[in-house]
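*Asks:* For the sequence shown, UniProt numbering assigns the number 1 to the initial residue and increments by one for each residue that follows. From the three backbone atoms N, C-alpha and C, an ideal C-beta is built for every residue, glycine too.
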Amino acid sequence: MLKSLKNHPSIVLWCGNNENDWIYRKEDELKGRTIYHNILPSICKEMDSTRPYWPSSPYGGKDPNSEEEGDRHNWYVWSGWQEIESYREDKGRFLSEFGFQAPPVMETIKRFCPPDQLKENSLSMQWHNKQKDGSGRLIHYLRAYMPDFENFEEFVQYSQLNQAYALREIIERCRRRKFKCGGTLFWQFNDCWPGVSWSIVDYYLRPKPAYYAVKRVFQPVLISLVKEEEKIEVWICNDTLKEIKGRLQLKSISFKGQILWAGEKDVFIAANQSVKVLAKSIWEMGIKSTKEDFVYASLKMKEGQIESHLLLERERNLKFFPERLERKVHQSEDGLEVELYSPVFVRSVILEVPGENVEFSDNFFDLVPGVKKRVRLTCSSEKEGIIRDRLNIT
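1. In its own chain, which residues sit with a C-beta less than 7 Å from the C-beta of Pro52, not counting the 5 before and 5 after it?
2. Spatial neighbours of Met106 within its chain, please: CB distance less than 8 Å, with the 5 preceding and 5 following residues excluded, ordered by chain position.
3. Using only the alpha-carbon positions, how far apart do Phe112 and Gly195 sit?
4. Which same chain residues end up closer than 7 Å to Ile269 when comparing Cβ atoms and leaving out the 5 residues on each side of it in sequence?
5. Where Ile387 and Leu161 are concerned, what is the direct C-alpha to C-alpha distance, given to the nearest angstrom?
6. From Ile259 to Ser298, what distance separates their C-alpha atoms?
7. For Pro58, count neighbouring Cβ atoms within 10 angstroms of its own Cβ and tell me buried if that reaches 16, exposed if not.
8. Please report how far the alpha carbon of Trp187 lies from the alpha carbon of Ile35, in whole angstroms.
9. Measuring from the CB of Gln163, is there a heavy atom of the ligand ATP at a distance below 7 Å?
10. Using a threshold of 8 Å, state whether the C-beta atoms of Glu46 and His73 are closer than that.
11. Return the bridge partner residues of Glu97 from the DSSP annotation.
12. Which of helix, strand or coil does DSSP assign to Lys288?
13. The alpha helix (DSSP H) spanning Ser252 covers which residue range?
14. Pull up the distance between the alpha-carbon of Ile393 and that of Phe345, whole angstroms please.
15. Report, in whole angstroms, the separation of the C-beta atoms of Gly99 and Trp78, which I expect to be a contact under 8 Å.
What follows is the structure in structure tokens.
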């Protein structure tokens, strides 16, 4: 492995094992301790002295999973059944593993699950989930966060939205704590077989909603909105090596599209910094109902504009209104582009082209009232006509 990978530019360090030192804390309990703590580090030093060696992950101090030093795994959410919001309390210095399960998209499920097994707790769905009480955990978090599902398709969709919310919560938390937290690695990116798992891309390379949520939350410059008690905090996380100057706009808006309050502020963020630039009481912002109103922020810079929004309650408590979605499909230099608009808030817009291989620049996103959203579609040029005809937007 060292010979084949040591010249790869993405290798940061060599790690001896996963969670062994955390599980087997006493020296006489850890079989192979000499391998991880003596043999492997000497081999790594001899063959690749440019990179550090880490005996195990998590690893650091008396407590291998410490919040004060080393790297840390957070499985208190999901495996430990804790609420997703408890991520906000994590003080880890480097979050090297965390995750949340979701089923793949229906097209993938139908590849491994017979028609009579398309049920949330069927034997087939349980067999394709290698987490103990996997289906039970999905249902547990659905009952806590999402509206009651009425069919299997809603069970799948709501579970996927929960995964996206969970990963967004902890990644934004870590980015707000830049330098107190040195980085994040989530479990997991893709799958080795078709099933219900922690992945954000399934076995057939179809993205789940969490894929797009993670893509948005890892953009180099991020607006992170968080509700702390009765205040809305606005953070700007700048992972670039250039300073940022811009005009921040903050709004409270009802799901019907009524602007309740708006404010602006010039901001400056130094290179490679995360800064809380604003804090406002929800009452100062004219918010009448946390179940029917939300917060929206945008930052205009010479490099372009970024946006973010924050729902103020768990989704099962929110009161959305009938969707009024307008769409236009344009031909651009890069292919097809869809422009979407709505005068009311639309939760989790889904773009799909059944039976066709299409890449979307964004998907499974919320549509903010009065704000146009443009999505690029990447496909072979000879199929653009078919894509136009078959494009579904829900």
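*Replies:* Short version:
1. Taking the first residue of the sequence shown as position 1, residue 52 is located at position 52. Hits under 7 Å: Leu13.
2. Numbered from 1 along the sequence shown, position 106 holds the residue referred to as residue 106. Apart from the 5 residues on each side of it in sequence, Met106 sits with its Cβ closer than 8 Å to the Cβ of Glu153, Val156 in its chain, given in chain order.
3. For this step, residue 112 is matched to residue 112 along the sequence shown. For this step, residue 195 is matched to residue 195 along the sequence shown. The straight-line gap from Cα to Cα measures roughly 8 Å.
4. Translated into positions along the sequence shown, residue 269 becomes position 269. Ile236, Asn238, Glu243, Ile244, Val275.
5. For the purposes of this step, residue 387 is taken as the residue at position 387 of the sequence shown. For the purposes of this step, residue 161 is taken as the residue at position 161 of the sequence shown. Rounded to the nearest angstrom, the two C-alpha atoms are 26 Å apart.
6. For the purposes of this step, residue 259 is taken as residue 259 along the sequence shown, with counting starting at 1. For the purposes of this step, residue 298 is taken as residue 298 along the sequence shown, with counting starting at 1. Taking C-alpha positions only, Ile259 is separated from Ser298 by approximately 14 Å.
7. Translated into the one-based positions of the sequence shown, residue 58 becomes position 58. A residue is called buried once 16 or more other Cβ atoms fall within 10 Å of its Cβ, and Pro58 is buried on that count.
8. Here the question's residue 187 lines up with position 187 in the sequence shown. Here the question's residue 35 lines up with position 35 in the sequence shown. In this structure, the alpha-carbon of Trp187 lies about 26 Å from that of Ile35.
9. For the structure depicted, the ligand ATP is absent and the ligand set is empty, with no information on it obtainable.
10. Counting from 1 along the sequence shown, the entry for residue 46 is found at position 46. Counting from 1 along the sequence shown, the entry for residue 73 is found at position 73. Not closer than 8 Å, so no.
11. One-based indexing of the sequence shown puts residue 97 at position 97. DSSP, once it has assigned bridges, lists His73 as partnering Glu97.
12. Locating residue 288 in the sequence shown gives position 288, where the first residue counts as 1. Of the three classes helix, strand and coil, the one that applies to Lys288 here is coil, per DSSP.
13. Working through the sequence shown from its first residue, we reach residue 252 at position 252. Counting along the chain, Ser252 falls outside any alpha helix (DSSP H), though it belongs to the beta strand (DSSP E) covering 244-254.
14. Here residue 393 is taken as the residue at index 393 of the sequence shown, counted from 1. Here residue 345 is taken as the residue at index 345 of the sequence shown, counted from 1. Those two C-alpha atoms are separated by around 15 Å.
15. Taking the sequence shown and counting its residues from 1, one reaches residue 99 at position 99. Taking the sequence shown and counting its residues from 1, one reaches residue 78 at position 78. Contact flag correct, Cβ pair sits at about 7 Å.
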